[in-house]
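Novice: Heads up: the sequence lines are chains Y and B, in that order.
Following our numbering, the numbering of the first sequence begins with 1 at its first residue and continues without gaps.
Following our numbering, the numbering of the second sequence begins with 1001 at its first residue and continues without gaps.
C-beta: ideal position from N, C-alpha, C; glycine also.
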Amino acid sequence: MRLKRTGFGWLLLSPTLLLLGLFGVFPFLYVVWVSFHEWNPFAANPEKVFNWANNYRALVFDRGFLASLGVTLAFVFFAVSSQVILGYLLAQAFMRDFPGKAFFRTIHTLPLIMAPIIVGSVWKLMTTPSIGIIPYLLRNTVGFDLNIGTSALAAFVITVIMDVWHWTPLVTLSLIAALVSLPPDPFEQAQIDGADRWQIFRHITLPMIAPALIATVFIRLMDAMRTVDEVLMLTGGGPGSATRFLGVHIFKEVFPRTNYGYGSAVSVIVLYLTIVVCWLLYVGLIAPRTTRR
Amino acid sequence: MRSRKTPWLSVALWSLLSFVTLFPIYWMFVISMKAPVELFSTPDILLRSLDWSNYVEVLESPTLRGYMVNSLVISSGNAVLVTALGFLACYALTRYDLPGKESIFFWTITNRMAPPAVFLLPLFLLLTQVYRIGDFSLLDTRIGMILVYCTFNLPFAIWTLRPTLDAIPKELDEAALVDGASAWRVIWDVILPLARPGLAVTLILTWVFAWNEYLLAATLTNFTARTLTTGLSEYVTTTGTAWGIMAAISVFTLIPALIVFSLVQRHIVTGLTFGAVKG
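(1) Restricting to Cα atoms, I'd like to know which of Y:Tyr136, Y:Lys48 and Y:Arg57 is closest to Thr1042 (chain B).
(2) Under the DSSP definition of a beta bridge, which residues are partnered with Glu38 (chain Y)?
(3) Does DSSP classify Arg1048 (chain B) as helix, strand or coil?
(4) Can the beta-carbon of Phe104 (chain Y) be found closer than 7 Å to that of Trp1014 (chain B)?
(5) Quick check: the Cα distance between His249 (chain Y) and Ser121 (chain Y), rounded to an integer number of angstroms?
(6) Step through the CB atoms of chain Y and report whether any lies within less than 7 Å of the CB of Asn1212 (chain B).
(7) Using beta carbons (cut-off 7 Å, strictly below), is Arg226 (chain Y) in contact with chain B?
(8) By DSSP's criteria, Arg1142 (chain B) is part of a beta bridge. Which residues make up the other side?
(9) Should Ser68 (chain Y) and Arg244 (chain Y) be called a contact, given that it needs their Cβ atoms to be closer than 7 Å?
(10) Closer than 7 Å, CB to CB, is Gly294 (chain Y) near chain B or not?
(11) Grab me the residues of Val160 (chain Y)'s own chain with a C-beta within less than 8 Å of its C-beta, minus the 5 sequence neighbours each way, in chain order.
(12) For a contact defined as C-beta to C-beta under 8 Å, what are the partners of Met1033 (chain B) on chain Y?
(13) For Val1264 (chain B), which option in B:Ile1245, B:Phe1274, B:Gly1198 and B:Leu1216 has the closest C-alpha, if you only look at C-alpha atoms?
(14) Relative to the C-alpha of Val268 (chain Y), which candidate in B:Asp1051, B:Glu1057 and B:Ala1117 has its C-alpha closest?
(15) Determine the extent of the alpha helix (DSSP H) in which Ile158 (chain Y) is found, giving its start and end residues.
(16) For the putative contact between Met114 (chain Y) and Leu1254 (chain B), defined by C-beta atoms under 8 Å, what is the C-beta separation to the nearest angstrom?
(17) Kindly list the residues whose CB is nearer than 7 Å to the CB of Thr16 (chain Y), restricted to its own chain and excluding five residues on each side of it in sequence; keep chain order.
(18) Count the other C-beta atoms from every protein chain shown that fall within 10 angstroms of the C-beta of Ile1146 (chain B), then say buried if there are 16 or more, exposed otherwise.
(19) Indicate whether at least one CB of chain Y lies closer than 7 Å to the CB of Phe1019 (chain B).
(20) Name the residues in the segment 166 to 179 of chain Y whose C-beta lies less than 8 Å from a C-beta of chain B; which are they?
(21) Using 10 angstroms around the beta-carbon of Glu1213 (chain B), count the other beta-carbons present and answer buried if the total reaches 16, otherwise exposed.
(22) Measuring from the CB of Glu38 (chain Y), is there a heavy atom of the ligand SAM at a distance below 6 Å?
(23) For the candidate residues B:Trp1008, B:Thr1221 and B:Asn1111, whose alpha-carbon lies nearest to that of Phe98 (chain Y)?
(24) According to a CB-to-CB cut-off of less than 9 Å, which residues of the segment 95 to 111 of chain Y neighbour chain B?
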């Protein structure tokens, strides 16, 4: 009876395992296998030739890839840290009772369901010099010429602002959920004991919202690492390589070339780096907390 | 503890924020309602007249209409498929004593977290060279895209359904089994009706994720299965100055998301954080 029931459980699970195997696991194993080969179907020798780790060796000297890695890390750092700081401040501001709370909260959720490519398109319409309102206002008020097509810094900053616009709501709403669920007693006690705002934040609020905060930062980091669509739309990765993040690099530089072996090596390394970043975060933030308890 | 006065600072901050959130979207509507000539004069914040010609042009283009149909078919097909399979899988994982079921739960989510860009090349190669029967390859087919989207939507469905299925008492299944119902009947007549709200949320959110997807659609389709999101980027690169059309396509792509938003607003944050935060 029990064996039969377990068998039925596997039966229910099998289509899911099959699909994830075919379109998740197998592609992963395949790309690792291809990455150890020289394979360009349009080259003189279109066959796969095993070439040890030559693709990986080439990667270390690939300036395009390294530049892309650098801007990705900078983007992730600026975007996620701004989102966390802004998100926390907004969540705190939300804790007071004020008219129209539900309305404001609803508005704030809106960017979260927008397609990344639409976010890119929206910001392209805002910042393109000839039609955008932002360059127009900047030129006529402070005389600054914003041109994301020519200025590397401007393009990078606008991509960060766009990401902050798109994803700060997730941080804010998660933190609101965490703050709302906190018991009031420790805060009252701390105030009676004469703790200042910083002390209350550092020793009471922060430890109590830490699980929600860490979970949110974790999800944001993963998502920021793989930002592609909106940047493709907004800047196309340019000017130069200013906003050519890893995903954009694969899409625009690696994929169109038919150097499959090398492209596979890039894909594997990007996946590996994403995992490493997450693992470091897990070891640094989550694991110590769970073992301490 | 907190002051009784209305905290005007909070109101001001949140009003400003709402403006910042809404203005870019409003601006897209403004651009979509302008004739090309108007766009090259000074940017005007107010919408002086409604010019629907951009929308008409999008709707009259057979190519873009085809893209819309593809988007609808792919996202609906995918949402139904992943919700059904995710429901069965999640039911199995929450009810049956399967060895390593927590690892399976965790493993499914890793498929969602991996960067999609990494899968462009292997999926392209597999679809063109390996997953094919004779001349039929999954590349540039609707069914191919429906299956490929399972990689990120199926784990999402499983994780979104988990709290729903956990909340249905196991005694119910057991009672029905004791009464002589078959395992399939238990799922169909006992669990399914109770899980309906969770299933609806899952269906809607997976639908919108599939609808919104761009990267895989842009690389794994050429012509016959292209979706509205790819149409958007196509339009921009080929005719870089048709801003009104671009804005109008964006609006068309955004509308379903807005409808979804009004339906499941409460569940969006919980969904996007995989239940780590109850929004």
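Specialist: Considering the structure as presented:
(1) Y:Tyr136
(2) Y:Val49
(3) coil
(4) yes
(5) 19 Å
(6) yes
(7) yes
(8) None, per the DSSP bridge assignment.
(9) yes
(10) Residue 294 (chain Y) is absent from the model: chain Y starts at 1 and stops at 293.
(11) Phe75, Phe78, Ala79 and Ser82
(12) Within chain Y, no residue comes near Met1033 (chain B); the closest Cβ sits about 12 Å away, beyond 8 Å.
(13) B:Gly1198
(14) B:Ala1117
(15) Ala152 to Val180
(16) 6 Å
(17) none
(18) buried
(19) no
(20) Pro169, Leu170, Leu173, Ser174, Ala177 and Ala178
(21) buried
(22) The ligand SAM is not among the ligands present in this structure, which contains no ligands whatsoever.
(23) B:Trp1008
(24) Met95, Arg96, Asp97, Phe98, Pro99, Gly100, Lys101, Phe103, Phe104, Arg105, Thr106, Ile107, His108, Thr109, Leu110 and Pro111
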